[in-house]
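First to last, the sequence lines map onto chains C and F.
Here my numbering = 1-based position in the first sequence + 6.
Here my numbering = 1-based position in the second sequence + 12.
From the three backbone atoms N, C-alpha and C, an ideal C-beta is built for every residue, glycine too.
Note that the structure is predicted; figures quoted are calculated from it, not measured.
Contents: one structure, followed by commentary.
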Amino acid sequence: MRDSWDSLPVLAQDLIIAGALLLPLLVIGGVLMRGFRPLPLVRALMWRFRWANLLFILLIAVSTGMGIGLIAQERGLRIGSAQAAEKFDLVVTAPGSELTMMLAAVFLQPSAVPLLDGVAYDRIANHPQVQIAAPIAFGDSHDGAPVVGTITDFVTYLSDGRIEGRIFARSGEAVVGAAIDLQIGDRFTPAHGRGSGADAEAHEGVEIEVVGRMARSGSPWDRAILIPVETVWEVHGLANGHTFEEGDRIGPPFTPELFPGTPAVIVHAGELWANYALRSEFTVAGETMAFFPGTVLADLYRVMGDVRQAMSVMSIVTQVLVAASVLLGLFILTRLFQRQLAMLRALGAPRRFVMAVVWGYGVTLLVAGTALGLAFGYAAALVLSRIVTQRTDILVTASITWAEVNLALGFLSAMSLLSLVPALVVLTRPVVENLRQ
Amino acid sequence: MKHLLAALLLMTTPVLAEEGHDHDEPAHAFEIGGLEILHPWTNATDHDHALLFMDLHNEGAAPVEILGARLDSGVEGQLVGFRMKGGEMGFETLPPIPVAPGRQLALAPDGLAIRFDGLEAVLEEGHHWEVILLTSAGELEIDVVIEAEDARQHGHAGHSH
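So this is what it looks like as structure tokens:
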């Protein structure tokens, strides 16, 4: 049974779940309304108490929308961060926390991390399976954006070659990310450090010229300034990895003795399978640590999965509270038009017809609120995505999937079942007493 | 000739568990053609698919390729690599992977694994699973420990055999 379910396409599974969730509503509606036409009366009730109804619809919509928006946002952030790390197959660093190293090397979050020496870099760069071994060097910034030292092969790989202008060809040139407010031909002096503690005068006299701009990638590298790794070393008064005889040459190979160190080497292998072998090879106790950012993210998502479950529970609790208030509201609303309902019964309307009117009225409020809630949820996810993208440069896209739709349908179905209670209660009230009121 | 036969016999015999281990327990280390296979394990599952993990050390003089695995029932296991693609987690089928002399290769969750599809029986925690590992040095029957459904490593991980 489980295997047959697993073998179904995901869309088919979602549609079956949605159908199953809607089934109680359809069955109740079918049983109550069969042979009757209660909709004109429901329409009249909706119009007669329009402001109270509108308030109820908004209450349902906001509560449904909040839960849906948060869950959609969490998924958007998860997918966005995974896509941002997709270009980073394998990262080699000094032993330590994989999460810290990933945040520093892939998401460019400032962090004090130990360095790998020239011998370690040489071993990585000269491995026959390694196509690109990009050392990175960070610590400087310009206008809040990190200035990252690296090599040309990595810039080409990162941008898929989509560079306006050209790639840097000598020390003192830069390629900027798509979100950097510098034009080709502009010059700047990097500040030492990042954030509020950055020292703008530490590198006075150093001028870096922008020669190219990368296309947008949806990763924090859109807000980075890439320069030759040699430039970073030189402005800090370190050797630049090359002998004097090599002149102004930039890029690998580097002379191990003149290599000042790198916090991380981004590795790209010629073959996909090689990454797994390289991970084992470059994980040397006490020397180097190799990890897949994708694996670290997967671990992080497992934790986030628990948070997501907590959010889903919170969302359900909110829905239950709203359900209770909607139920209470339906009782109050039926009191508002109990005289009209008593009139119907006095005129000889069948009890099932009166019940169908009250239930249909409640379900109309619920359907309208849930549909509006889905729209609210999408709008909330859209706004949150823009804020997160602006703050982190991780491209987060909002979307409402079947998971959210089914959550809303589950709420709608459960509430349609509970709406039978006020419909039944209406029938228990004495007709004559209600007519007198 | 006698020595050669004895050596071949040793090569295809599970390495004895270390001193102090219960000898009723299955072996955790195996060897073929200089390739040492440590701690093969999998997660308990009632699905029809499973991932096989282990640590590999090539102590021999020639590279050994990991080709995949199979069960007695004929179900084949393929080498797969965990990958994030389009923001979604998944596995990609991989070609045979060589383990060079003196090198190691780890088959671990969210990394490299051998995937079996179409299992006929459930894998229960605490039980064992007979799998035939396929390498360029030959085929080797290994005893796989079935760990908990959510386990992330072999129960003996960190032990040195």
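Within the same chain, S69 come within 8 Å of L327/C by CB-CB distance, once the 5 residues on both sides are set aside.
Scanning its chain for C-beta atoms nearer than 8 Å, with the 5 sequence neighbours on each side dropped, one finds around Q116/F the residues D67, L68, H69, N70, in chain order. When only Cα atoms are considered, F65/F and E410/C end up about 35 Å apart. Between the alpha carbons of V161/C and R193/C lies a distance of about 20 Å. Proximity of L50/F to chain C, defined by a Cβ-Cβ separation below 7 Å, is not satisfied.
Membership of T158/C in any beta strand (DSSP E) is not indicated; the residue belongs instead to the alpha helix (DSSP H) covering 158-165.
Contiguous beta strand (DSSP E) elements confined to the region 201-251 of chain C occur at 214-220, 231-234, taking only those with 3 or more residues. Here I231/C is buried, its C-beta having at least 16 other C-beta atoms within 10 Å. Residues of the region 109-136 of chain F with a C-beta less than 8 Å from any C-beta of chain C: I109, P110, V111, R115, Q116, L117, A118, D122, G123, L124, listed in chain order. Straight across, the Cα-Cα distance linking T294/C with A270/C is about 10 Å. The residues P108, P110, S148, in chain order, have a CB closer than 6 Å to that of E77/F in the same chain once the five nearest residues on each side in sequence are set aside.
Residue contact check for G80/F against chain C: no CB pair falls below 7 Å. E132/F is the residue among P121/F, E132/F, E153/F whose C-alpha sits nearest the C-alpha of S85/F. Under a criterion of Cβ atoms nearer than 8 Å, the residues of chain F adjacent to T301/C are, in order, F94, D122, G123. In chain order, W279 make up the part of chain C whose C-beta sits under 7 Å from the C-beta of P107/F.
Secondary structure remark: continuous alpha helix (DSSP H) runs of at least 4 residues inside the region 16-43 of chain C, in chain order: 16-39. Counting only Cβ-Cβ distances below 8 Å, F298/C has contacts in chain F at F94, D122, G123, in chain order. Residue W53/C holds the alpha-carbon nearest to the alpha-carbon of L371/C among R43/C, W53/C, L21/C. Every alpha helix (DSSP H) of 4 residues or more that sits fully in the region 265-348 of chain C is shown, in chain order, as 278-287, 299-342.
When DSSP states are grouped into helix, strand and coil, R95/F belongs to the strand group.
Counting C-beta atoms within 10 angstroms of its own C-beta, A352/C has fewer than 16 neighbours from the protein chains shown and is therefore classed as exposed.
With fewer than 16 other Cβ atoms from the protein chains shown falling within 10 Å of its own Cβ, M320/C counts as exposed. With respect to the C-alpha of F297/C, the residue from P121/F, G130/F, E136/F, I126/F having the closest C-alpha is P121/F.
In this structure, A197/C is the residue among E104/C, T158/C, A197/C, G25/C with its C-alpha nearest to the C-alpha of G150/C.
Between the C-alpha atoms of F174/C and L83/F there is a straight-line separation of about 55 Å. Taking 7 Å as the cut-off, the beta carbon of I190/C is found closer than this to the beta carbon of V216/C. Interface residue (Cβ-Cβ distance to chain C less than 7 Å): M66/F is not classified as such.
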